[in-house]
Amino acid sequence: MCWIRGSLYRVSANKLSRTRTANMSINRTGRSSSPQTSPALSRHIASRAVQRSIAIIRHARQKKQQKQYCMYYNRFGKCNRGTSCPFVHDPDKVAVCTRFLRGTCRQADGTCPFSHKVAKEKMPVCLYFLKGICNNSECPYSHVYVSHKAEVCRDFVRGYCPEGEKCKKKHTLVCPDFSKTGSCPRGSRCKLHHRQRVKQGSSNTSSTPAKKPRSRDPVKRSCLSVVMPRDAQAASGTPPAGPLALPSFISLCSSPEEADAPDAQPADTTRVKEKKLQIKPRL
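full-length UniProt numbering puts the first residue of the sequence shown at 1, with every later residue one more than the last.
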């Protein structure tokens with residue numbers, strides 16, 4: 001600052017500006033002398049400055065929280081805090097109903113808390129697409145290649161990612177650490193889903209039935225038991241002069257022992273033993 005023709009000017013790098021002096025007496029030498037203030041007034045001015053700075057910080061923090069979406073409302077379609085929640089409740093950012101994607105949602109009349117509008121910003125990455133086996137041209141899930149070293153997108157975990165398919169982070173709700181090693185370093189504090197692995201050994205044993213042990217017993221062949229008539233038995237000693245008469249009874253059984261059962265014998269009061277002829281079929 002310098003004194004020019006009875007006025008005080010402020011000197012900067014590129015310009016010279018005139019300043020007004022209020023409650024201040026300036027000498028010709030350029031020195032300024034301010035009136036003395038009481039300690040109570042100075043403390044009051046300092047406290048007002050502190051309160052103003054605190055109010056500015058609190059207002060900026062509230063604005064920052066208002067820009068963040070409620071994680072519970074975006075993921076589940078409802079929030080227990082209701083109107084008292086400090087975060088934003090936007091119906092357009094609610095997650096898509098998984099039952100609606102499968103066609104099994106029974107609340108299609110508008111009572112479903114989840115969204116029935118498919119949007120790529122709210123859909124996770126298709127696992128079959130990452131494996132290279134997704135052939136569905138109308139797949140509702142996101143088809144984006146992301147590096148396996150990329151981190152999980154925090155905005156997507158909260159329910160909505162504004163970058164959508166342009167995001168270079170993983171859009172998944174499954175914990176990658178737990179799916180690889182079976183344990184998560186964050187434990188119960190992890191916000192991702194811990195999906196249990198299915199043991200292949202137990203599934204194979206449960207799906208395939210137990211094989212029956214082979215029996216080493218010889219297979220019993222079926223045989224035919226033929227009962228000859230009495231006339232043929234009487235003439236069995238002499239060679240037949242003509243064709244033999246047909247048998248009067250033929251029983252089918254699985255073994256010769258069953259053919260000798262008393263049920264297969266015809267009812268006869270005489271004790272004449274009938275000669276049985278066994279014919280084994282060629283199998």
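Just so it is clear, CB atoms sit at the ideal spot from N, CA and C, and this is done for glycine as well. Quantities reported herein were computed from a predicted structural model and do not represent experimental measurements.
What first and last residue would you give for the alpha helix (DSSP H) that runs through residue 75? Your numbering for residue 75 matches position 75 in the sequence shown. Per DSSP, residue 75 belongs to the alpha helix (DSSP H) from 71-76.
Helix, strand or coil for residue 137? Go by DSSP, reduced to three states. Within the sequence shown, residue 137 is the residue found at index 137, counting from 1. Correct three-state label for residue 137: coil.
Tell me the rounded alpha-carbon separation between residue 95 and residue 183. If you number the sequence shown from 1, residue 95 lands on position 95. If you number the sequence shown from 1, residue 183 lands on position 183. Taking the Cα positions, residue 95 is about 27 Å away from residue 183.
Residue closest to residue 152, alpha-carbon to alpha-carbon, out of 141, 133, 177, 134: In the sequence shown, counting from the first residue as 1, residue 152 sits at position 152. Proximity to residue 152 across 141, 133, 177, 134 peaks at 177, based on C-alpha coordinates.
Can you say whether residue 44 is buried or exposed, counting buried as having 16 or more other CB atoms within 10 angstroms of its CB? In the sequence shown, the residue the question calls residue 44 occupies position 44. Residue environment analysis places residue 44 among the exposed positions, since fewer than 16 neighbouring C-beta atoms fall within 10 angstroms of its C-beta.
Measuring only the C-alpha atoms, how far is residue 137 from residue 129? Stepping through the sequence shown from its first residue, residue 137 is reached at position 137. Stepping through the sequence shown from its first residue, residue 129 is reached at position 129. C-alpha separation (whole angstroms): 11 Å.
Where residue 18 sits in the DSSP three-state scheme: Sequence index remark: in the sequence shown, residue 18 carries index 18 (1-based). Here residue 18 carries a strand assignment [DSSP, helix/strand/coil].
Counting only the same chain and skipping the five closest in sequence on each side, list residues whose C-beta sits under 7 Å from that of residue 101. As a position in the sequence shown, residue 101 is number 101, starting the count at 1. 140, listed in sequence order.
In the DSSP output, what is residue 10 paired with across the bridge? Numbered from its first residue, the sequence shown carries residue 10 at position 10. Residue 10 is bridged to 17.
Go through its chain and collect everything with a Cβ distance to residue 159's Cβ below 7 Å, but skip five positions before and after it. For this step, residue 159 is matched to residue 159 along the sequence shown. Here the set comprises 69, 71, 74, 75, 93, 95.
Would you mind working out which of 17, 280, 191, 89 sits nearest residue 113, comparing C-alpha positions? Mapped onto the sequence shown, residue 113 falls at position 113. 89 is the residue among 17, 280, 191, 89 whose C-alpha sits nearest the C-alpha of residue 113.
Count the other C-beta atoms from every protein chain shown that fall within 10 angstroms of the C-beta of residue 7, then say buried if there are 16 or more, exposed otherwise. Within the sequence shown, numbered from 1, the residue matching residue 7 stands at position 7. Counting other Cβ atoms within 10 Å of its Cβ, residue 7 stays below 16 and is therefore classed as exposed.
Just verifying my parser: in three-state terms, what is the DSSP assignment at residue 188? As a first step, residue 188 is located in the sequence shown; it is residue number 188 there, counting from the start. Residue 188 falls in the helix class under three-state DSSP.
DSSP beta-bridge partners of residue 170: Here residue 170 is taken as the residue at index 170 of the sequence shown, counted from 1. Bridge partners of residue 170: 152.
Alpha carbon to alpha carbon, how far is residue 85 from residue 98? Give it in angstroms, no decimals. Position 98 of the sequence shown, counted from the start, is the residue given in the question as residue 98. Position 85 of the sequence shown, counted from the start, is the residue given in the question as residue 85. About 26 Å.
Residues bridged to residue 142 (per DSSP): Sequence index remark: in the sequence shown, residue 142 carries index 142 (1-based). For residue 142, which the question treats as bridged, DSSP gives the partners 125.
Checking 8 Å against the spacing of the C-beta atoms, do residue 142 and residue 169 come in under that value? In the sequence shown, the residue the question calls residue 142 occupies position 142. In the sequence shown, the residue the question calls residue 169 occupies position 169. No.
Going by the beta-carbon positions, is the gap between residue 174 and residue 148 smaller than 8 Å? To locate residue 174, count along the sequence shown from 1; it is residue 174. To locate residue 148, count along the sequence shown from 1; it is residue 148. Between residue 174 and residue 148, the CB-CB gap reaches or exceeds 8 Å.
So what's residue 89 in DSSP terms, helix, strand or just coil? Mapped onto the sequence shown, residue 89 falls at position 89. Note: residue 89 maps to coil in three-state DSSP.
Leaving out five residues before and five after residue 146 in sequence, what residues of the same chain have Cβ atoms less than 6 Å from its Cβ? Counted from its first residue, the sequence shown places residue 146 at position 146. Cβ-Cβ distances below 6 Å link residue 146 to 170 in the same chain, with the five nearest sequence neighbours on each side left out; the list follows chain order.
Do residue 180 and residue 157 have their C-beta atoms closer together than 8 Å? As a first step, residue 180 must be located in the sequence shown, where it is residue number 180. As a first step, residue 157 must be located in the sequence shown, where it is residue number 157. Cβ atoms of residue 180 and residue 157: not closer than 8 Å.
For chain B, is any of its Cβ atoms less than 8 Å away from the one on residue 176? This model lacks chain B altogether, as it is built from one protein chain only.
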